[in-house]
Amino acid sequence: MRRVAQKGDQRFENDAALREWMEAQPISRVAKRELLKAIPSTVRVAKDVVVCLDAKTGKRLWKTEAPGEPTGRKSSSTPCVADGRLFAAGSTHVYCMDAKSGKRLWAAPLPKRGKGPASSILVDDGRLFLIAGQLTAYDAKSGELLWENDDVRSSNSSPVLALGQAGKRLICSERKAYFAVHPETGETDWKIAGGGDSTPVISGDWMVVYSKDKKVGLAAYRLAKGGAEQVWNFPMSERRSQSSPVIFGGHVYLTGGEWHMCVELAAGKLKWKESRQSTISSPIIADGKMIALEKKGSDLVMIDTDTKAHRELGKTRIKAMWCPSPVIVDGKLYLRMDDNISCFDLRANPGVQ
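Encoded structure:
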């Protein structure tokens, strides 16, 4: 049995090879039979894949692959393009590629506890920031590890940049708190209670969050040197708190936690609140209209951003994935479906460039 244990994670070419090896082992027939039952007949494998499509036609322009590890659906980081380079987080590494050709320029290992992050990459001033188990910074040109901040432990929310009077800071959400971090050094400036999977939203000196902490809920803060002062909040007890709010026209909009909400940013006055089936996916706003997914991606809805009353402008059945947010570029809507990426023309005169 000691010899069998020493084989550890060895892989065999096929079932016949495994049985042949087992037959040669000096153990009883009963033990061999029980061992064969316990040994898995398949091994889960995975690749890290980045695909580039022509935005007009959907034609694949290039595809880059690298060895990876199975991490499940949580590996849902959104790529980032900066200075002609594309940055993407895979299951075990963060990659840098030439945006035009897909040629890999460098690959850097993720922190051990940060495999397969859902956090998306932020690039600023030659640095790449990612929350993969912990907040990490890399040199965007070389992939060199610059620093790690062990205070910010998460893999789902994304870092955002605040450029207000308090100075440039990375604002990050951890499981139980929000942090402000110096982008140059990785040092923590301040932390406040809250946190969760939703990404904070910054507008000037305002920070708006949707926290899994039921006492915090949807909240707005004023950023200042050394901290953040809460101006208002709406405690929320819903099970889902992954959707990120949107700031538009001096108001905060949320489609998450089974609600649609509109709140005046400065005063914290609730303008409207409507019971809906929106959960994880975050909304976008274009042409004064809010677009969001509902019912686990089954419905695509368009909501008027009029602050006087909640009004649905349109709805269509669609088989999109549950978590990704819609994207609009040049009047075209892009959606991540169950088994493809789809593009819809929303312009008044489709086909006219």
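Mapping to the working numbering: the sequence shown position 221 is 223, numbers consecutive.
Virtual Cβ for every residue (Gly too), placed ideally from N, Cα, C.
Where do the N-terminal and C-terminal ends of the beta strand (DSSP E) with residue i fall, by residue?
i, result
"ARG87", "87–91"
"GLU231", "229–236"
"ARG319", "314–319"
"TYR201", "Here residue 201 is Thr; the residue named in the question, Tyr, does not match the sequence. Counting along the chain, THR201 falls outside any beta strand (DSSP E), and DSSP gives it neither H nor E."
"ASP183", "Residue identity differs from the one stated: residue 183 is Val in this sequence, not Asp. Taken as a continuous stretch (DSSP letters only), the beta strand (DSSP E) holding VAL183 covers 179–183."
"ASN16", "Premise fails: ASN16 is in no beta strand (DSSP E) and is neither H nor E."
"CYS54", "48–55"
"TRP324", "Taken as a continuous stretch (DSSP letters only), TRP324 belongs to no beta strand (DSSP E), as it is neither H nor E."
"SER157", "Run containing SER157: none; DSSP gives neither H nor E here."
"ASP306", "301–306"
"GLY258", "253–258"
"ALA288", "286–288"
"ARG129", "129–133"
"LYS291", "291–296"
"SER277", "272–277"
"LYS310", "LYS310 -> no beta strand (DSSP E), and no H or E assigned at all."
"ARG338", "334–338"
"THR138", "137–141"
"ALA168", "Where ALA168 is concerned, there is no enclosing beta strand (DSSP E), given that its DSSP letter is neither H nor E."
"SER245", "Careful: SER245 lies outside any beta strand (DSSP E) and carries neither H nor E."
"LEU124", "124–126"
"SER344", "343–347"
Is it buried or exposed for residue i, if we count other Cβ within 10 angstroms and need 16 for buried?
i, result
"ILE29", "exposed"
"ASP341", "exposed"
"GLN244", "buried"
"PRO202", "buried"
"ARG278", "buried"
"THR59", "exposed"
"ALA294", "buried"
"VAL162", "buried"
"ASP332", "exposed"
"TRP208", "buried"
"GLN343", "Looking at the sequence itself, residue 343 is Ile, so the reference to Gln does not match. Exposed."
"PRO72", "exposed"
"GLY219", "buried"
"MET339", "exposed"
"PRO111", "exposed"
"THR187", "exposed"
"ILE41", "exposed"
"ALA365", "With the chain represented from 3 up to 355, any question about residue 365 goes unanswered, as that position is not in the structure."
"LEU337", "buried"
"SER283", "buried"
"LYS105", "exposed"
"GLY118", "buried"
"LEU137", "buried"
In terms of residues, what are the limits of the alpha helix (DSSP H) holding residue i?
i, result
"ALA268", "Here ALA268 belongs to no alpha helix (DSSP H), and DSSP marks it neither H nor E."
"ALA26", "Looking at the DSSP string, ALA26 is not in any alpha helix (DSSP H), and its letter there is neither H nor E."
"ALA222", "That residue, ALA222, is in no alpha helix (DSSP H); its beta strand (DSSP E) goes 220–226."
"ARG106", "Segment 106–111 is the beta strand (DSSP E) holding ARG106; no alpha helix (DSSP H) there."
"VAL96", "Segment 95–100 is the beta strand (DSSP E) holding VAL96; no alpha helix (DSSP H) there."
"ARG62", "Run containing ARG62: none in the alpha helix (DSSP H); it sits in the beta strand (DSSP E), 62–70."
"GLU36", "31–40"
Since I believe residue j is in contact with residue i (beta carbons under 8 Å), could you give me their beta-carbon distance rounded to a whole number of angstroms?
i, j, result
"GLU276", "HIS262", "4 Å"
"ARG371", "ASP347", "This structure leaves residue 371 out entirely; the chain is present only between 3 and 355."
"MET238", "GLY259", "5 Å"
"LEU130", "ALA120", "The Cβ separation is near 17 Å, so there is no contact."
"SER159", "ASP199", "6 Å"
"GLY228", "ASP191", "7 Å"
"VAL52", "ARG62", "The pair is not a contact, with the Cβ atoms about 11 Å apart (cut-off 8 Å)."
"LYS217", "GLY197", "Contact flag wrong, Cβ pair sits at about 12 Å."
"SER205", "ILE173", "Going by Cβ atoms, the distance from SER205 to ILE173 rounds to 12 Å, so no, they are not a contact pair."
"ALA109", "GLY86", "Not quite, the Cβ-Cβ distance comes to about 18 Å (not below 8 Å), so this is no contact."
"THR307", "ILE287", "6 Å"
With hydrogens ignored, establish whether the beta-carbon of residue i is closer than 8 Å to any heavy atom of the ligand HEM.
i, result
"ALA195", "Of the ligands one can find in the structure shown there are none, so the ligand HEM has no counterpart to examine."
Please say whether residue j and residue i have beta carbons closer to each other than 9 Å?
i, j, result
"PHE236", "VAL210", "no"
"SER122", "SER77", "no"
"VAL1", "PHE89", "Residue coverage of the chain in this structure runs from 3 to 355, which leaves residue 1 outside it and unanswerable."
"SER270", "ALA222", "It is worth fixing the name first, because residue 270 is Gly in this sequence and not Ser. Yes."
"LEU267", "GLY252", "yes"
"ASP56", "TYR97", "no"
"LEU315", "PRO285", "no"
"GLY128", "THR94", "no"
"LEU335", "PRO326", "no"
"PRO113", "ALA91", "no"
"GLY116", "SER157", "yes"
"GLY299", "LYS321", "yes"
"ARG242", "THR281", "yes"
"ALA142", "ALA226", "no"
"MET24", "LYS39", "no"
Contact between the segment 293–313 and the segment 62–78 (3+ Cβ pairs under 8 Å): Cβ pair count under 8 Å is below three, so no.
Any 3 or more C-beta pairs closer than 8 Å across the segment 140–153 and the segment 229–245: The segment 140–153 vs the segment 229–245: no contact.
Any 3 or more C-beta pairs closer than 8 Å across the segment 211–219 and the segment 157–172: The segment 211–219 is not in contact with the segment 157–172.
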